[in-house]
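Encoded as structure tokens, the structure appears first; notes follow it.
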């Protein structure tokens, strides 16, 4: 509550000071302009710049209080589980100690796998748990971070490694027994969702606004995916033209080192950064985030 109060008060005072300072500076510039015009016709004394300096100081004071308000708001958001997390912080949000035995086993298996160790050595990739970057109150309303995540489903939050330019992504996950179509076989719709989201996330940083929507997605299912599998998603951005990115990828089994990858599904898609993309939080504590996106091809 204290952080919220500081945030609101700081923002209000900052905005008031800024407006006052700007108005004072504008009035002084107008007086200087009138004085200059008069000076060309008759001799006058040099305008006093004190008012302008006072206006500038007031505006700077406004910026200071606005910054204080922003910090207060940020702290309040995080205290209520509504702040977005960085890549690094997302790795600490999920606690295996609070999960069931199956989740702890999946977490240990993923972290002990040689592929994961290899990916963590690559300095050109940044590790994260993308679904854990969302505020807690948003995750509960999100399909892949909420409804599909948990015991018997996507057992633990997937790990992902992305390059800085939106060209490559690798993700590792475990799928449980409650995501089947046919008994013991993971539903193809889940695989499509994973591919859609993964290929899109791969190209985000190569596009304006770091956001994209799916224009089309083509999937070829190669082999049935057994429930209880550890999966690797590999995605690569093959072409970028303005707001458009073409991405291809595949889902394969997390196998032993040197083992020929068993490919379950392959996909390619076109993703577009909305032409007028804008993300706006209605207020510091209002849900949900609204995305206004109008786009054309």
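Residue numbers (UniProt numbering): 1 to 297. Note that beta-carbon positions come from the ideal geometry of N, C-alpha and C, so glycine has one too.
Practice item. Spatial neighbours of residue 113 within its chain, please: CB distance less than 7 Å, with the 5 preceding and 5 following residues excluded, ordered by chain position. Key: Numbered from 1 along the chain shown, position 113 holds the residue referred to as residue 113. 254, listed in sequence order.
Review point. Residue 234 by DSSP, collapsed to three states: which one?
Key: Position 234 of the chain shown, counted from the start, is the residue given in the question as residue 234. In the structure shown, residue 234 sits in a strand (DSSP, three-state: E or B).
Exercise for review: Ignoring anything shorter than 3 residues or poking outside the stretch 121-153, list the beta strand (DSSP E) runs there in chain order.
Suggested key: The qualifying runs are 125-128.
Review point. Which residue or residues does DSSP assign as beta-bridge partners of residue 226?
Key: Taking the chain shown and counting its residues from 1, the one referred to as residue 226 is at position 226. Within the DSSP bridge table, the entry for residue 226 names 185 as partners.
Exercise for review: Count the other C-beta atoms from every protein chain shown that fall within 10 angstroms of the C-beta of residue 271, then say buried if there are 16 or more, exposed otherwise.
Suggested key: Mapped onto the chain shown, residue 271 falls at position 271. With 16 or more other Cβ atoms within 10 Å, it is buried.
Exercise for review: Buried or exposed for residue 107, please, with buried defined as at least 16 other CB atoms from any protein chain shown within 10 angstroms of its CB.
Suggested key: Counting from 1 along the chain shown, the entry for residue 107 is found at position 107. Buried is the label assigned to residue 107, since at least 16 other Cβ atoms lie within 10 Å of its Cβ.
Point to revise | CA nearest to the CA of residue 150, picked from 184, 195, 102 and 167 | key: Counting from one through the chain shown, the residue named residue 150 turns up at place 150. For residue 150, the nearest C-alpha among the options comes from 102.
**Study point:** Rounded separation between residue 189 and residue 124 - CA only
**Key:** The sequence position of residue 189 within the chain shown is 189, counting from 1. The sequence position of residue 124 within the chain shown is 124, counting from 1. In this structure, the straight-line span from the alpha carbon of residue 189 to that of residue 124 is close to 32 Å.
Practice item. Figure out for me which residue from 206, 182 and 179 has the closest Cα to the Cα of residue 164. Key: Position 164 of the chain shown holds residue 164. Residue 164 has its Cα closest to that of 206, out of 206, 182 and 179.
Practice item. Report, in whole angstroms, the separation of the C-beta atoms of residue 249 and residue 234, which I expect to be a contact under 8 Å. Key: Numbered from its first residue, the chain shown carries residue 249 at position 249. Numbered from its first residue, the chain shown carries residue 234 at position 234. Contact flag correct, Cβ pair sits at about 6 Å.
Point to revise | Three-state class that DSSP yields for residue 300 in the structure shown | key: Lying outside 1 to 297, the shown extent of the chain, residue 300 is not represented and no answer is given.
Practice item. Kindly list the residues whose CB is nearer than 6 Å to the CB of residue 162, restricted to its own chain and excluding five residues on each side of it in sequence; keep chain order. Key: Residue 162 sits at position 162 when you count from the first residue of the chain shown. 126 and 169, listed in sequence order.
Practice item. Flag this pair as yes or no: are the beta carbons of residue 228 and residue 187 separated by less than 9 Å? Key: Reading the chain shown from its first residue, position 228 is the one you call residue 228. Reading the chain shown from its first residue, position 187 is the one you call residue 187. No, the pair does not count as a contact, with Cβ atoms beyond the cut-off.
Practice item. Kindly indicate the opening and closing residues of the alpha helix (DSSP H) around residue 93. Key: Taking the first residue of the chain shown as position 1, residue 93 is located at position 93. According to the DSSP assignment, residue 93 belongs to the alpha helix (DSSP H) that extends over 87-93.
**Study point:** Bridge-paired residues (DSSP) for residue 268
**Key:** Taking the first residue of the chain shown as position 1, residue 268 is located at position 268. Residue 268 pairs with 218 and 248.
Check your understanding: Just the Cα atoms here: how many angstroms apart are residue 262 and residue 213?
Key -> Stepping through the chain shown from its first residue, residue 262 is reached at position 262. Stepping through the chain shown from its first residue, residue 213 is reached at position 213. Pairing residue 262 with residue 213, the inter-Cα distance amounts to about 29 Å.
**Study point:** Contact set for residue 218: own chain, Cβ-Cβ below 6 Å, skip 5 residues either direction
**Key:** Within the chain shown, numbered from 1, the residue matching residue 218 stands at position 218. Counting only residues of its own chain and dropping the five nearest sequence neighbours on each side, residue 218 has a CB closer than 6 Å to the CB of 268.
Check your understanding: Whose C-alpha, out of 111, 99 and 191, is nearest the C-alpha of residue 144?
Key -> Start at 1 with the first residue of the chain shown, and residue 144 comes out as number 144. Of 111, 99 and 191, the residue nearest in Cα terms is 191.
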